[in-house]
Structures are given as C-alpha cells and as structure tokens.
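The structure appears below as structure tokens.
Residue numbers (UniProt numbering): 1 to 193.
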C-alpha cells in the first residue's frame, strides 16, 4: 500500500457530523476523507474526489468553482445521510500552490488555465488517482456514484480500479470571475454539464 489510514475522529460541520479520516502516503503527503453513514454496504455510495484548492476552498476565491463544489458535495451527502468525500492534496491540478499562483499570474496576462499551466512547463492536469482507489478500499467502499463533471477524472478512477456505477452531475453557480475558467474546462478538458 502506498497510503495508509492512520486516524479518525468526528467532524461536526454546518451540514452534518462527518467522520474525518487521516491518511498518510509513502511520499509524506497527507490526505483526508469525510464519511457519513454506513459506506461499507453493497449499495453504491455517493462520492466526491476533490483535489485541494487552498484559494477556492479556504480563501473563497471566485476564480474557480472549487469551494462551492466542495460545499455542494457536503450538502448533497448530508441530505442523503450517506457518502464519502476524498480530499486529495493535489493543489493546482497537481502543480503545487506556488506554481498555481504563478499560473494565476499568467492568467492575469490573458492566458486561460490550460495555457498558463503549459507555459510554465506543466501538463493541463497532473493529478493522479491511484491513492483514491486505495483510500476507497481502506474505507470499505465497494462502488460509488461519482459527483463530477470531469470525464477524465471519471476515466482515471475507473482505470485504477474504482467501481464507478454512475456519474452524478455536480454543477455549481458560475460567477463573473469563474466564467472563463469554467468555459476553458468545458472547451479544452471536456467537462460536462
């Protein structure tokens, strides 16, 4: 195993009291999962695989839809009373926080998100999902209904052995600041409604 579950605790939130699970990867990165209800049954689990976005998740940036996507996933899972969110430490589609800020600076000059990553020498999306498969396995999740609009994430998870039974649309409100970002994801990365 390249990642292991090391601790769990309760995490009260405005939406529900989740269980917070801490995972440690061989490379020293720490990842977490939020779970609600019994996720170990044969019934498919509503799930979100969310990559860290400090600017969107914690600093309320309007440049992306990451914070609202995370919040919407927590609300949907709370409404169902059962589900899991994997929170992967893959900032900036895997390029890291400082490089993400550099990419933002390139976007300030008129580049879109894909062009900004490429001008800095990165692929448009460098995330990897093998750890997600291991996290689902260690949590006892057999099959999922995935909250995503990203067909590449869907395929990547299936390619590493995650049993995705259904893609569940996960659209959040577009703002004046996030419009170009979301249009680029649709046009250049194939994101769906």
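Every residue gets a Cβ at the ideal spot worked out from N, C-alpha and C, and that includes glycine.
Predicted model only: the values in this text are computed from it and were never measured.
Cβ neighbour criterion (16 or more within 10 Å) applied to residue i
| i | result |
| --- | --- |
| residue 6 | exposed |
| residue 116 | buried |
| residue 90 | buried |
| residue 185 | Because residue 185 sits at a pLDDT of 47, beneath the cut-off of 50, its placement in the model cannot be relied upon, and the point is left open. |
| residue 42 | exposed |
| residue 98 | exposed |
| residue 148 | buried |
| residue 159 | exposed |
| residue 38 | exposed |
| residue 55 | buried |
| residue 134 | buried |
| residue 150 | buried |
| residue 2 | exposed |
| residue 52 | buried |
| residue 9 | exposed |
| residue 122 | buried |
| residue 59 | exposed |
| residue 157 | buried |
Host beta strand (DSSP E) of residue i (start-end)
| i | result |
| --- | --- |
| residue 67 | It is not in any beta strand (DSSP E) - residue 67 instead sits in the alpha helix (DSSP H) that spans 66 to 80. |
| residue 121 | Residue 121 -> no beta strand (DSSP E), and no H or E assigned at all. |
| residue 26 | That residue, residue 26, is in no beta strand (DSSP E); it is neither H nor E in DSSP. |
Span of the alpha helix (DSSP H), counted from its first residue to its last, around residue i
| i | result |
| --- | --- |
| residue 36 | Segment 30 to 36 is the beta strand (DSSP E) holding residue 36; no alpha helix (DSSP H) there. |
| residue 3 | Segment 3 to 12 is the beta strand (DSSP E) holding residue 3; no alpha helix (DSSP H) there. |
| residue 103 | 97 to 108 |
| residue 134 | 130 to 139 |
| residue 156 | 151 to 159 |
| residue 93 | 91 to 94 |
In DSSP terms, what residue i is bridged to
| i | result |
| --- | --- |
| residue 144 | 45, 164 |
| residue 56 | DSSP lists no partner for residue 56. |
| residue 84 | 35, 47 |
Integer-rounded CB distance, given that residue j should sit under 8 angstroms from residue i
| i | j | result |
| --- | --- | --- |
| residue 63 | residue 93 | Wrong, their Cβ atoms sit about 13 angstroms apart, outside the cutoff. |
| residue 143 | residue 44 | 5 angstroms |
| residue 152 | residue 125 | 7 angstroms |
| residue 101 | residue 111 | Incorrect: roughly 14 angstroms between the Cβ atoms, too far for contact. |
| residue 15 | residue 74 | 5 angstroms |
| residue 70 | residue 50 | 5 angstroms |
| residue 167 | residue 46 | Contact doesn't hold; Cβ gap of about 12 angstroms is too wide. |
> For the 8 angstroms Cβ check, are there 3 or more pairs between the stretch 24 to 40 and the stretch 81 to 99?
Replying inline: yes
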